[in-house]
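Protein chains in written order, with my numbering: chain P, 1 to 207; chain Z, 208 to 414.
Backbone N, C-alpha and C define an ideal beta-carbon position, used for all residues, glycine too.
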DNA sequence: ACAGGATATGACAGGGCGTCAACTTCCGGC
DNA sequence: GCCGGAAGTTGACGCCCTGTCATATCCTGT
């Protein structure tokens, strides 16, 4: 037996990870099929074959498993964002790359969710602020701060700017997914130009 | 007896309206205190003194009363938005007025909600797309379309632009509410400049 | 004053929630 | 190997919420 896989090779650890994944996957399906409102903890756990009590060994509530799903998404996206930062040398380039990456990511996720969903019901939209999302926000803001530091961008309110960028990306992204064909390049172009165009016009902070 | 008030003066109509209002007000309080998740239909109805069954004469579910609350907010804002449109003669003026009006509205609402809320718990954020919100979106988009028609703005994708503006307003608005003192003017300045500055840089539609 | 329709009431059946004592499975020490 | 105990799973249970419905109450128009 090799040493490398020791950390996760215990039977206990394995099933723990597997069960958590099974619950998350089942939850994603159930939320997609029934909507957040009508989905129950038992709908989720039933699909895994586990007992109802087991659910509560992994999550405290339906709400928490939903948060975990969202966090999972942000956690998967963050390294991509990081890569954009490292691959680009100009501020403009970073912003465009990041937005393009986000839209591609969205389109990708969209496909995998699409499969399960029955015809269009109007499910309300639930948004949570998870720790990973907080980190994404910080990463974007810090990128702006560094750009300002280096003189690559004017000295503006980085918190507002990061909030605005994320907001634009999310909303334009949603709209993009409604259209056929899904055109991530056009959407990226729109969002990027809006932000980069607006940047020089923003009010400057006192130094 | 005068004729004018007949439409709403019947006792039945009065209590109907009063009960609906009572339920909505109670719901707002309960959602603020307990969060959407843990609030129950009975928590809401208990606070009104009505019987549990009565709730279902007015709303089909907790979800629906929540939607009604959101719709109510949008419905109260829409005439303000309309007034901005009628009071302004330039596109730039309209946008600034609309955003300022929205931030003032937000700050106002914020105060009335604030009272009930116990110290910061991390409630997930629920967003619904109500009919009134849809109308707000359309109103904003149509304002853009008219501005384009008149040559007051470049020929850009009005749907994306409206989505982006609303997104920026919402997100920057949220951030604004977190800061002390709440400065609606600074937030308006930021959002307005971002959008108006970005506008000329946007990709043009083929004619 | 009265008949009839509209609305309010609260008890009730159904079911989801979260817990817990009993059980099973795994791990480390001998 | 084998055993003692820790870790994890199970499903039945009590609690509470949900949505309904027969009944009672209250308008309203005549």
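Could you pull out every unbroken beta strand (DSSP E) segment of at least 3 residues lying fully inside the segment 291-367 of chain Z, listed in chain order? The segment 291-367 of chain Z contains these whole beta strand (DSSP E) runs: 332-334.
Quick test of the definition: if touching needs 3 or more C-beta pairs under 8 angstroms, does the segment 165-181 of chain P touch the segment 337-349 of chain Z? Touching, no.
Among 198(P), 176(P), 158(P), whose alpha-carbon lies nearest the alpha-carbon of residue 401(Z)? As a position in the second chain, residue 401(Z) is number 194, starting the count at 1. By alpha-carbon distance to residue 401(Z), the top candidate from 198(P), 176(P), 158(P) is 198(P).
Is any beta-carbon of chain P found at less than 8 angstroms from that of residue 333(Z)? The sequence position of residue 333(Z) within the second chain is 126, counting from 1. Yes, its Cβ sits closer than 8 angstroms to a Cβ of chain P.
Among the residues of its own chain, which have a CB less than 6 angstroms from the CB of residue 110(P), if the five just before and after it don't count? Along the first chain, one-based indexing puts residue 110(P) at 110. Setting aside the 5 residues that flank it on each side, residue 110(P) is surrounded in the same chain by 177, each with a C-beta closer than 6 angstroms to its C-beta; the list follows chain order.
Closer than 7 angstroms, Cβ to Cβ, to anything on chain P: give me those residues from the segment 277-295 of chain Z, in chain order. Cβ contacts with chain P: none found.
Any non-hydrogen atom of the ligand HEM within 7 angstroms of residue 279(Z) CB: Inclusion of the ligand HEM in the displayed structure is not the case, the ligand content being empty and no account of it being possible.
Residue 315(Z): buried (16+ other C-beta within 10 angstroms of its C-beta) or exposed? Numbered from its first residue, the second chain carries residue 315(Z) at position 108. So residue 315(Z) counts as exposed.
Three or more C-beta pairs closer than 8 angstroms, one from the segment 281-290 of chain Z and one from the segment 305-315 of chain Z: is that the case here? Remark: three or more beta-carbon pairs, one from each stretch, lie closer than 8 angstroms, so the segment 281-290 of chain Z and the segment 305-315 of chain Z are flagged as touching.
If contacts are defined as beta-carbon pairs under 8 angstroms, then residue 205(P) and residue 157(P) qualify, I think. What distance do you get, rounded to the angstrom? To locate residue 205(P), count along the first chain from 1; it is residue 205. To locate residue 157(P), count along the first chain from 1; it is residue 157. Here residue 205(P) really is in contact with residue 157(P); their C-beta atoms are around 6 angstroms apart, less than 8 angstroms.
Would residue 163(P) count as contacting chain Z if we go by Cβ distances under 8 angstroms? Numbered from its first residue, the first chain carries residue 163(P) at position 163. A Cβ of chain Z is located within less than 8 angstroms of the beta carbon of residue 163(P).
Does the count of Cβ pairs from the segment 348-368 of chain Z and the segment 389-397 of chain Z closer than 8 angstroms reach three? Between the segment 348-368 of chain Z and the segment 389-397 of chain Z, the count of Cβ pairs shorter than 8 angstroms is below three; the stretches do not touch.
Which class does residue 205(P) belong to by DSSP, given the choice of helix, strand or coil? Along the first chain, one-based indexing puts residue 205(P) at 205. Coil, per DSSP.
Hey, quick one: how far does the alpha helix (DSSP H) through residue 188(P) stretch, first residue to last? Along the first chain, one-based indexing puts residue 188(P) at 188. For residue 188(P), the enclosing alpha helix (DSSP H) covers residues 184-198.
Proximity to residue 265(Z) [Cα-Cα], best of 231(Z), 329(Z), 236(Z), 303(Z): In the second chain, the residue the question calls residue 265(Z) occupies position 58. That would be 231(Z), whose Cα lies nearest to the Cα of residue 265(Z).
For residue 210(Z), which residues in the same chain have their Cβ closer than 6 angstroms to its Cβ, ignoring the five residues on either side in sequence? On the second chain, position 3 is the one that residue 210(Z) refers to. Interpretation of residue 210(Z) is limited by its pLDDT of 45, a score under 50 that renders its predicted location unreliable; the figure taken from the coordinates is listed afterwards. Excluding positions up to five away in sequence, the list is empty.
Taking the alpha-carbon of residue 125(P) as reference, which of 190(P), 192(P), 14(P), 174(P) has the nearest alpha-carbon? Start at 1 with the first residue of the first chain, and residue 125(P) comes out as number 125. Among 190(P), 192(P), 14(P), 174(P), the Cα nearest to that of residue 125(P) belongs to 174(P).
Contacting positions in the segment 179-196 of chain P - beta carbon closer than 8 angstroms to chain Z: Taking 8 angstroms as the Cβ-Cβ cut-off against chain Z, the residues of the segment 179-196 of chain P that qualify are 186, 187, 189, 190, 191, 193, 194, 195, 196.
Just tell me which of 203(P), 28(P), 201(P) has its CA closest to the CA of residue 114(P). Sequence index remark: in the first chain, residue 114(P) carries index 114 (1-based). Of the candidates 203(P), 28(P), 201(P), the one whose C-alpha sits nearest the C-alpha of residue 114(P) is 28(P).
Tell me whether the beta-carbon of residue 67(P) lies closer than 8 angstroms to the beta-carbon of residue 130(P). Counting from 1 along the first chain, the entry for residue 67(P) is found at position 67. Counting from 1 along the first chain, the entry for residue 130(P) is found at position 130. By the CB criterion at 8 angstroms, residue 67(P) and residue 130(P) fall inside the cutoff.
Take the Cβ of residue 224(Z) as the centre, count every other Cβ of all protein chains shown within 10 Å, and call the residue buried at 16 or more, exposed below. On the second chain, residue 224(Z) is found 17 positions in, with the first residue counted as 1. By the 16-neighbour rule on beta-carbons within 10 angstroms, residue 224(Z) is exposed.
Less than 6 angstroms between C-beta atoms, sequence neighbours within five positions excluded: which residues of the same chain meet that for residue 334(Z)? Here residue 334(Z) refers to the residue found at position 127 of the second chain. No residues qualify anywhere along the chain.
Would you say residue 409(Z) reaches chain P, if we count a Cβ-Cβ gap shorter than 8 angstroms as a contact? Stepping through the second chain from its first residue, residue 409(Z) is reached at position 202. For residue 409(Z), the nearest CB of chain P lies under 8 angstroms from its own CB, placing it at the interface with that chain.
Taking CB distances under 8 angstroms as the criterion, tell me whether residue 405(Z) reaches chain P. The sequence position of residue 405(Z) within the second chain is 198, counting from 1. By this cut-off, residue 405(Z) is an interface position.
When burial is assigned at 16 or more other CB atoms within 10 Å of the CB, is residue 399(Z) buried or exposed? As a working mapping, residue 399(Z) is identified with position 192 in the second chain. Per the 10 Å Cβ criterion, buried.
For residue 65(P), which residues from the same chain have a beta carbon less than 6 angstroms from its beta carbon, with the 5 sequence-adjacent residues on both sides left out? As a working note, residue 65(P) is residue 65 in the first chain. The residues are 27, 59.
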